[in-house]
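Okay, so here's the structure we're looking at.
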Amino acid sequence: MKYDTLMVKKEENVFTVTLNRPEVHNALNEKLMRELTSCFREINLDKTIRTVVLTGNGKSFCAGADLNWMKSMVKYSKEENIRDSKLLLDLYETIDTCSKPVIGKINGHAFGGGLGLLAVCDITIALPDLKFAFSEVKLGIIPAVISPYIIRRIGPAITRRLFITGERFDSSYAEHIGLIDYVVSRETFDATVEKHVEQIKSSGPLAVKEVKNLIQQYQKMDINDYKNFTVEKIAELRVSKEGQEGIHAFLEKRKPWWRE
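Mapping the sequence shown onto our numbering, position 121 (from 1) lands on 137, and the numbers just tick up by one.
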C-alpha cells in the first residue's frame, strides 16, 4: 500500500499508520480522508494484522480541517457540503468499526476533526502538555460529524460545554474526562504503546475481534435482543477452535498457540 498523505509500516502483526502532512499539521483534506479510509479498509481485510497504531508525523497529531479545503468549502452548495461531510463520516465509521484494535499514539496537538480520529481509537496514549479544542464554533460552524463519537467517549454534559465554548484544554484534562486513556512522558511514550500492543497480542485474535463487535452491537441493538446476542456469542466462542485452545491451555497450565 502506497499513499501520498500517509506513511505505513508493518512489523510482524502490528501495522502503524502515520498521518504525513506535517507541513500543515496533518490537517484533513479530501485526499487524506480518502487514503486513510482506504488504508483502514485494507487493514480490516488483512488477517495477518493483529493491532493498528495510528499516529502523526511532526508536532501535531491532526489539526482538523485543512485551510485550503476550508477555502473551497466556502463556495460549495449544500449538496456539495453534504458529500464532503459523508466522506468524513465514512472515515470515522471505517476506523470505528475496524475489527482490529486501534491504538491512538497521540504525538501532538489535535483540534476539531482530529479529535474525531482520536475518539474512534480503542486506546489513546498521549504526550503531556498537548493542546486540544473543539474550535468549530469560533468559525460559526459546529463539530457535527464527530459528535456521536465524542459524546460516546466523554458524555453529553462535558461535550456540551466544550462544544459551546470551543475552549482549549490540555492533556491532563483530556485524560481526566476520558478523551485520553493515558498521558505519559516522552521518555516512556514508545514503551507504553508497545506494552499495550503486547497485551493485545497475548489475547486470542478472534476474542479481540468479537469483543469489538460486542460493543458495536450494544450501540445498535434493542437491549433484550442484545442480551440474547451475548448468550449466543459466549456459547459460540466457547466451542470455537480458539476458545477450546484457550480454556485447555489455562487448565493445562501452558501458553495457548497465540502466545507462543
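C-beta atoms are modelled at their ideal positions from N, C-alpha and C, and glycine is treated no differently.
**Rounded C-alpha distance that separates G80 from E252** = 41 Å
**Message:** I need the straight-line Cα distance from D186 to S101, nearest angstrom please.
**Reply:** 27 Å
**Asked** For S76, which of helix, strand or coil comes out of DSSP?
**Response** DSSP places S76 in strand when its eight states are reduced to three.
**Message:** Considering only DSSP beta bridges, list what H125 is partnered with.
**Reply:** S76
**Asked** Assuming L22 contacts L61 under a Cβ cut-off of 8 Å, what Cβ separation, rounded to an integer in Å, is found between them?
**Response** About 17 Å separates the two Cβ atoms, so there is no contact after all.
**Request:** Determine, using beta-carbon pairs with one atom in the segment 176-191 and one in the segment 200-219, whether at least three such pairs fall under 8 Å.
**Result:** no
**Request:** List the whole-angstrom C-beta distance separating L104 from M49, where the pair is believed to meet the contact cut-off of C-beta under 8 Å.
**Result:** 6 Å
**Prompt:** Taking just the CA atoms, how far does G262 sit from T113?
**Reply:** 25 Å
**Prompt:** Does the distance from the C-beta atom of N73 to that of T34 stay below 8 Å?
**Reply:** yes
**Prompt:** Using CA coordinates, which residue listed in V199, L134 and V68 is at the minimum distance from I216?
**Reply:** V68
**Asked** Taking L146 as the reference, which of I250, V199 and I239 has the closest Cα?
**Response** V199
**Prompt:** Under three-state DSSP, which class holds E268?
**Reply:** coil
**Request:** Could you pull out every residue in the same chain whose Cβ sits closer than 7 Å to the Cβ of F56, ignoring the five residues on either side in sequence?
**Result:** Cβ contact annotation for F56 (same chain, cutoff 7 Å, sequence separation greater than five): T110, I111 and C114, in chain order.
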